[in-house]
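Residue numbers (our numbering), protein chains in the order written: chain Y, 1 to 336; chain C, 337 to 672; chain Z, 673 to 1008; chain P, 1009 to 1344.
Using N, Cα and C, we set each Cβ at its ideal position, and we do this for glycine too.
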């Protein structure tokens, strides 16, 4: 097994998360990092003298020994970087969503297909033990034929308005994980979407044409009924649950709690809140997704979730946005 | 406090349930029962020699001492009985739904209003300790402003097709309880409904123009978002849960289980299933609803839920049916 | 089936509980009540004009039609009443414990044996659905051979000192239920007892030679190890749990809660406390124990728990008291 | 902060666990490993060319730059190694128990005291988030004054007889963790111990003078009552729970489960079993204990748990063994 030589493009919160995870992997060398905005990387990198900070990410692409790039920059830059990296023959791990523009996404897809490089999209939740075990239970026929699939997905606190403006909207920024999860758990595509949503947490969000609370109703190709319950603010913590209901039973995923202790007094019985946010909740999932990505690269296996998974989630997000505007159910475009 | 002299019209499953509950109430005398179909009432009544079985329910209405009637007959006969009972000055406890026809419902409403008698509709779930405590928590501002209200309401086993044909459809027969629960918990009316539903449990149900699985999305007058998750068949038992989510927290109602024991072995950890069906789950609620009804009658207080609550739930059911047919969200008619 | 004609001797809290439960049973007539201390029975009995209050309980015993007496008086009077009732040929339901004196207990036992009347002791917890289901799981071999049996049994609030003085001590008054539960769940007798206890809730209890907190370690005849964890004061409510552990798994009984709702906010996640005390927790068990008692009487079947069960629990309590004094494990006397 | 130069003495299961944890710590260099029995270390160490395998652990002690040794050899060798390491001025992290012999333990203690080096004993459970949070709740007065402290501690499967023979007996090998946990949670010493135990899992264990099932009753210096429930075989997995009960409430630690999903079908409702054994259950605790050990060494702070904590747990184990033999409660020797 050859060593994977890696460049990380974008070293913000999520880029650093991947850096910390993969820096100690056997058979992985982070040779470069690039970040257009960072000024303090020297401090962050002080224990890693062999990691080179570059001022232009093309330097990374020009190093023939680099076989993997991580794309962790703002979404608007993804497609350009993907295209250049694919053209340079690099295998790509890209954060979600691929882009905000369908044209850009398709151009990037074509470049990746043409270059025949590995591409994995950062739908980290697929690698969470709970969700994997739930999917396995369904594949093992523990619940029979799927009838209803409900996802609860609420963030602990809303992003600021500046973030919201650049986020691509709640469906592209937040629900896109849930759209992918619907597809992952059901092993089915989505055909139609209806959104019942509003700006209830922060009315100012309505002013930037977005919402913060939504109940999304979905019709799946396999005839099952889906729902996604989103809020930008669950004050008790990151609420990440799921229930798959079928003709032989149901499986549900509960939240991971901050600890497993319980205090009872004369007032009530108290247990811990859910883990606060995605860094805690999906800590292990973030590790597993990159472990499996490197395995796929090293052994020339299929990556999963792949580029098409990224496109399909984006198409559902597009239909959801249309439904919010029209007030009616909207058809999801099919791609294959 | 004068004695309440009662006639029960309709002594099927639900009529007998009320009979058994109220027969031992202090201050209540069941003087008459009527059932158009029953042939075996003598055996059922053998320990109650003072209860008279009549062949025509008008006999009951003609007894001036009778001040209360229970209407537990098939829904198609409700309006006629209500009108006659109201005209005879009787206070009325009527099972849900009031009728399948809006005209009949309104005629009955006018008769009750004109006669100025008490009227309570059998939305028994309002009297369940869990749901009452959840509503109290909301009124006590434990969750702040309501943003999302999700109801899970699944029967353990589907009725037979003959029942389904006469049932008025899933919305009028089954979801109507949930429509009332949405109004009860949210203290708000419903403005718009969208149904995502299908016959997934039993395809034959589609042939009689009905469905058995639904995800109902609701827009509430108070701006909150609602959902109702219905299935005619949850093989693990009667699934009656609720989650109310707001800007300060959430409250959720879990199922009552058949017992509170837990068995762990080398395969898994097993706990009890939910109580099997409504007779077990709402046993105490059925008692409380009639206790409070008699209290209202005896003390000339308002009944709750009243006739308007019955009408409003029916209007939501009508809009749900329209949405299922149109495939679009439908406006709920307002009444006041 | 002949009617059971009943006299209740002692109409305090527990006597009234039985009165309320059995008054509406089919085939049961409460003809007499007696209470040496009550002055207000007329008000309590106002809806039951056919129930006669007597000033001397022997009046009850002299009525040849009376076939059942309930003994709900203070413990010190039990044996005398039992003996007279047995001599009069009455079947007896007696509250626990049988007496504080071994001689009295044995005299009463002989009288009951000689008269060949039915006798049931009020170990109500045997009739709780949770404990019955746990015992059934063990008999169904769900946990294999029993190795450890732990009982948690804590009252919500301590009795006053006057009660404590007359109570016979914590083992005879409170733990006796747990001694019986150990025998019931394990289907085994107890051979040795060691008590680790103190007056931690209220030091004044030590002054009347009693304790309020105990960890009782038991050696069972079937080689299993038992423990009982007692406290007179669990501020969060009546704590009634059990865990039976064996070579194939374990079964545990959890508390019944006041409701099944859960509130989450930015501080914590709160669920309900256990039901407050024995009247709520064992409401259904109190009904079932008397239903089965009357069934045994009417059909001439064995009662359970019977007199010997009462004696055996008392013998364990005696050994526990001895252990508390000696500071060492003590042998339990065997009776059969 | 100077670099810590480490030698690991003993590279069996637990030695490798520490190796894997600390190898990537910033500021820590593992320079040597020693194992008297290992033959395959080259393969294990193939990615760590800078780690030197030595044939005699004194080589490690002779390297003046080494400031820390981990003692992970069989217990019988601990005291000798500790003494030599202390004499060489090394800071010591030592696995539990310190030794099986009181004399050896005291000699080692004197050497450590005289050399004034840091010493931490591997009571890893003190670093588990659940137990730390439970202790914090008690210190924050959430339960008031401690009255009862119950520990459940059951291994998933029994060791083989060969292991048992060399283990020092269940109290020294297994319960010693619980003795320390009693002290940690209660912030109190133990004064008296009574053991109710037997070989129920495997009767052959009795032949080597040991037991596999025990209910240990403890009297604490702070007047609280303690219990430890041990079994060598809980077929459903590693059972590690605790309940601390006081005059203002209780706190309990539940098991960590293998996942947080739940499957319901027509038979039952199933959730995951506890994490299988200590490697999973205490994975994070093993990391934290060594992180904090290195922090203490680097910053010249007190280690915790220290040598005295190791001695005190050993004294309780000795009294427990005496109690098992005498069949009576036994006093624990006090040391300070």
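Query                                                                                                                                                                                     : Result
Determine the chain Z residues that contact residue 69 of chain Y at a beta-carbon separation under 9 Å, and present them in chain order.                                                 : Result: empty, since nearest Cβ-Cβ is about 40 Å, beyond 9 Å.
Which residue or residues does DSSP assign as beta-bridge partners of residue 943 of chain Z?                                                                                             : Y/269, Z/934
Does DSSP put residue 1154 of chain P in a helix, a strand or coil?                                                                                                                       : strand
Name the chain Z residues whose beta carbon is nearer than 9 Å to that of residue 1049 of chain P?                                                                                        : Under the 9 Å cutoff, chain Z gives no residues; its nearest Cβ is about 39 Å from residue 1049 of chain P.
Can a CB atom of chain Z be found closer than 9 Å to the CB of residue 273 of chain Y?                                                                                                    : yes
With C-beta atoms as the reference, is residue 996 of chain Z less than 9 Å away from residue 871 of chain Z?                                                                             : no
Note the first and the last residue of the continuous alpha helix (DSSP H) segment covering residue 1173 of chain P.                                                                      : 1169-1174
Could you check which residue in Z/985, Z/999, Z/723 has the C-alpha nearest to that of residue 1005 of chain Z?                                                                          : Z/985
Extract the residue ranges of the beta strand (DSSP E) inside the stretch 769-813 of chain Z, only unbroken runs of 3 or more that lie entirely within it.                                : 791-793
How about residue 152 of chain Y and residue 275 of chain Y: do their beta carbons lie closer than 9 Å?                                                                                   : no
Please report the distance separating the alpha-carbon of residue 1290 of chain P from that of residue 272 of chain Y.                                                                    : 19 Å
Give the single residue among C/345, C/434, C/360, C/631 whose Cα lies nearest to the Cα of residue 393 of chain C.                                                                       : C/345
What does the Cβ neighbour count give for residue 203 of chain Y, buried or exposed, with the cut at 16 atoms within 10 Å?                                                                : exposed
Excluding the five sequence neighbours on either side, which residues of its own chain have a C-beta within less than 8 Å of the C-beta of residue 783 of chain Z, listed in chain order? : 754, 755, 758, 759
Does residue 631 of chain C pass the burial test, meaning 16 or more other C-beta atoms within 10 Å, or should it be called exposed?                                                      : exposed
According to DSSP, is residue 860 of chain Z part of a helix, a strand, or is it coil?                                                                                                    : coil
Between the C-alpha atoms of residue 845 of chain Z and residue 600 of chain C, what's the straight-line distance to the nearest angstrom?                                                : 33 Å
Within 9 Å (strictly less), CB to CB, does residue 1009 of chain Z reach chain C?                                                                                                         : The structure shown does not extend to residue 1009 of chain Z, since chain Z spans only 673 to 1008, so no value can be given for it.
Would you mind working out which of P/1311, P/1203, P/1101, P/1149 sits nearest residue 1187 of chain P, comparing C-alpha positions?                                                     : P/1203
Using a Cβ cut-off of 8 Å, pull out every chain C residue sitting near residue 1209 of chain P, in sequence order please.                                                                 : Neighbours of residue 1209 of chain P on chain C: none; closest Cβ ~14 Å, over 8 Å.
Could one say the Cβ of residue 264 of chain Y lies closer than 9 Å to chain P's Cβ atoms, at least one of them?                                                                          : yes
Any C-beta of chain P sitting closer than 9 Å to the C-beta of residue 146 of chain Y?                                                                                                    : no
Closer than 8 Å is the cut-off here; do at least three beta carbon pairs connect the stretch 385-402 of chain C with the stretch 352-370 of chain C?                                      : yes
If you run the structure through DSSP and keep just helix, strand and coil, what is residue 413 of chain C?                                                                               : helix
Indicate whether at least one CB of chain Y lies closer than 9 Å to the CB of residue 908 of chain Z.                                                                                     : yes
Three or more beta-carbon pairs under 8 Å between the stretch 223-241 of chain Y and the stretch 1249-1259 of chain P, yes or no?                                                         : no
According to the neighbour-count rule (16 or more other Cβ atoms, all chains shown, within 10 Å of its Cβ), is residue 888 of chain Z buried or exposed?                                  : buried
Start and end of the beta strand (DSSP E) containing residue 903 of chain Z?                                                                                                              : 897-903
How many Å lie between residue 1034 of chain P and residue 1075 of chain P at the Cα?                                                                                                     : 16 Å
Residues of chain Z with CB under 7 Å from residue 569 of chain C, in chain order?                                                                                                        : What residue 569 of chain C touches in chain Z: nothing, since even the nearest Cβ is about 23 Å away.
Could you check whether the Cβ of residue 248 of chain Y sits closer than 9 Å to any Cβ belonging to chain P?                                                                             : yes
Tell me, which residues are paired with residue 825 of chain Z by DSSP?                                                                                                                   : Z/902, Z/912
So, is the C-beta of residue 806 of chain Z closer than 9 Å to a C-beta in chain C?                                                                                                       : yes
Hey, does residue 1008 of chain Z have any beta-carbon neighbour from chain P nearer than 9 Å?                                                                                            : no
Would you list the one or two residues that DSSP bridges to residue 351 of chain C?                                                                                                       : BP columns for residue 351 of chain C are empty, so no partner.
Any residues in the stretch 677-691 of chain Z with a beta carbon nearer than 7 Å to a beta carbon of chain C? Which ones, in chain order?                                                : none
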